[in-house]
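With the UniProt record's numbering applied, the sequence shown covers 1 to 463.
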Amino acid sequence: MKHADFSTLDTHHVLPAGTRRTLTTTPLFGLDLVDATAEVTIRALLSPGRRRVHFVNAHCINVAARDAAYARALRTGDVLLPDGIGIELAARMAGRSLTENLNGTDLTPRLLAAAARAGLSVFLFGGRPGTAEAAADRLCRDIPGLVVAGCRDGYAGAADPRAAIAEINASGADILIVAMGVPRQDTWLADHADLLKPRLTLGVGALLDFLAGNVARAPRPLRRARLEWAWRLAMEPRRMARRYVAGNAVFLLRAARHATMQPQAQALAKRALDLGLAALALVPLAPVFLLTALAVTLDSRGPVLFRQIRVGRDGQTFEMLKFRSMHVDAEARRGALEAQSDRSGLCFKSRSDPRVTRVGRILRRYSLDELPQILNVLRGDMAIVGPRPALPAEVSAYPDRARARLRVRPGITGLWQVSGRADIGFDKMIDMDLSYAARPSVLMDLVLIGLTVRAVLGGRGAY
């Protein structure tokens, strides 16, 4: 074994400048995991700059959910590397993919080989007494030119953090490898980050035990099949049962919940809810459609349905359908009435609008004029819940911030509709729409649909 002479951050997922240029990341469980090949990752880790590296696997996510200090260590780490089939599955469930499995057992020896070529030294810290030294011997046999600057066990050798840090710093090591298991190794690195001199620090779990021969790794075919966890369970059933049997089940449930919270999953679920409710509503509402159409026809001349171009998601226009509640010359008369608007802002509304028919006032009072928009929902132009569909002229006059409401499909009902409709001013309506557009969800839709019934019966702002 060759030896050299022995003479915390508060930002969120911020990679050092040199790392940022070469490593892309993918968000998962609120963490930014590296999405790159092993070669690119190693080159970035060994580039100039200080970095604290953590490997993240399914067990890590489970532990972080109940250990605040460990979760903080991961959140403030400089580089988080995806480790194992569990993380890969969770990424797929969330509609993402990871370039490579960057587990510590395989990546770290490759990293040290590159470090040896670059003339960088390493300090091994962890394991039972003698384990770090045995691992160092193995590494030096496998990696010509590797300089191990020092070794220290993770038991008595870790009892005094100050003494451990002093020895690590005095060794002059460029890289510190800590193998104390999760979460101890990661919280130790995070707690002492400001005192440690090595420019690259990593928590590597059982790596030193594997290198020292204390624990046998799974045969290569099992590793290629991503079943190393099953091998470890078979080798140490009593110690690993909780982690791999119960833990894997908990992790998959956690991954499924995380996936359902992703924007893509929420969008699919929301669209499914829209289609289901719209289709179910057509049959029981058919008599209402027929009676309403008859009433409109008998009350005033003109078509039963009113068709108007509105602006939908991403600024796309569509033809919105309503039961006609105004006389046929309503649009021509609008300009002369806009000064009489009872509502502040861009959207014209008048309590005594003379263009509204007798039947139209009843339709508007109980929102029956909106029923044909169910067809807009089935066509995909609208949603059951969403911002009010705006007129092109209104959108052209929008302030910049109001355009964010166009990120989602407009709806038959929404926050504005259940909060007072026309009694709500334009600026307040925009605030409500932006709030909804930022966090659309099926649960929110169900709540608003329930509140819509109360709003319709109450009739506030319906004119």
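From the three backbone atoms N, C-alpha and C, an ideal C-beta is built for every residue, glycine too. Note that the coordinates shown come from a computational prediction; the quantities given were computed from them, not determined experimentally.
- Task: Leaving aside the five residues before and after Phe210 along the sequence, list all residues of the same chain whose C-beta is less than 7 Å from its C-beta, in chain order.
- Result: Thr105 and Arg217
- Message: For Gly49 and Phe125, what's the separation of their Cα atoms in angstroms?
- Response: Approximately 21 Å between the Cα atoms of the pair.
- What are the boundary residues of the alpha helix (DSSP H) that Phe29 is part of? Note, Phe29: premise wrong, no alpha helix (DSSP H); not H, not E.
- What did DSSP end up calling Val456 once you bin it into helix, strand or coil? helix
- Beta-ladder partner(s) of Gln417, from DSSP: Note: Gln417 sits in no beta bridge, so no partner.
- Message: DSSP three-state label for Ile175, please.
- Response: strand
- Message: I need the straight-line Cα distance from Ile430 to Phe251, nearest angstrom please.
- Response: 39 Å
- Candidates Arg257, Ala58 and Gly84, of which the one nearest Arg224 by Cα: Gly84
- Between the beta-carbon of Val204 and the beta-carbon of Met235, is there less than 9 Å? For Val204 and Met235, no; Cβs fall outside 9 Å.
- Query: Hey, how far is the Cα of Ala190 from the Cα of Ala132?
  - Reply: Between Ala190 and Ala132, the C-alpha separation is close to 21 Å.
- When you compare each of Val356, Arg128, Asp433 and Pro392 to Val385 by their alpha carbons, which one comes out closest? Asp433
- Of all the beta strand (DSSP E) runs that stay within the bounds of the region 133–201, which reach a length of 3 or more residues? 147–152 and 175–179
- Quick one: grab the DSSP three-state call for Ala390. strand
- Residues that Ile87 bridges to, as DSSP identifies them: Bridge partners of Ile87: none, in fact.
- Message: Between which residues of its own chain and Gly411 is the CB-CB distance below 7 Å, once the five residues before and five after are set aside?
- Response: Met382, Ala383, Ile384, Val385, Gly386 and Pro387
- Which whole runs of the alpha helix (DSSP H) in the region 198–247 are 4 residues long or more, in chain order? Runs of the alpha helix (DSSP H) inside the region 198–247: 207–212, 220–224, 228–235 and 237–241.
- Message: Extract the residue ranges of the beta strand (DSSP E) inside the region 243–321, only unbroken runs of 3 or more that lie entirely within it.
- Response: For the beta strand (DSSP E) assignment, the uninterrupted runs of no fewer than 3 residues enclosed by the region 243–321 are, from N- to C-terminal side, 305–311.
- Expressed to the nearest angstrom, what Euclidean distance is found between the alpha-carbon atoms of Thr301 and Leu375? The amino acid occupying residue 301 in the given sequence is Arg; Thr does not appear at that position. Each residue's alpha carbon lies about 23 Å from the other.
- Are the beta-carbon atoms belonging to Glu100 and Thr24 less than 9 Å from one another? no
- Item | Collapsed DSSP secondary structure at residue 480 in the structure displayed | The requested residue 480 is not part of the displayed model; the chain covers only 1 to 463.
- Going by CA-CA distance only, name the one from Glu319, Ile309 and Pro303 that's closest to Asp329. Pro303
- Message: What residue range does the beta strand (DSSP E) around Val122 cover?
- Response: Ser121 to Gly126
- Query: What are the start and end residues of the alpha helix (DSSP H) that includes His327?
  - Reply: Where His327 is concerned, there is no enclosing alpha helix (DSSP H), given that its DSSP letter is neither H nor E.
- Query: By the 10 Å Cβ neighbour count, where 16 or more other Cβ atoms means buried, how is Cys360 classified, buried or exposed?
  - Reply: In the sequence under discussion, the amino acid at residue 360 is Gly, which differs from the Cys named in the question. The residue in question, Gly360, is buried, as its Cβ has 16 or more Cβ neighbours within 10 Å.
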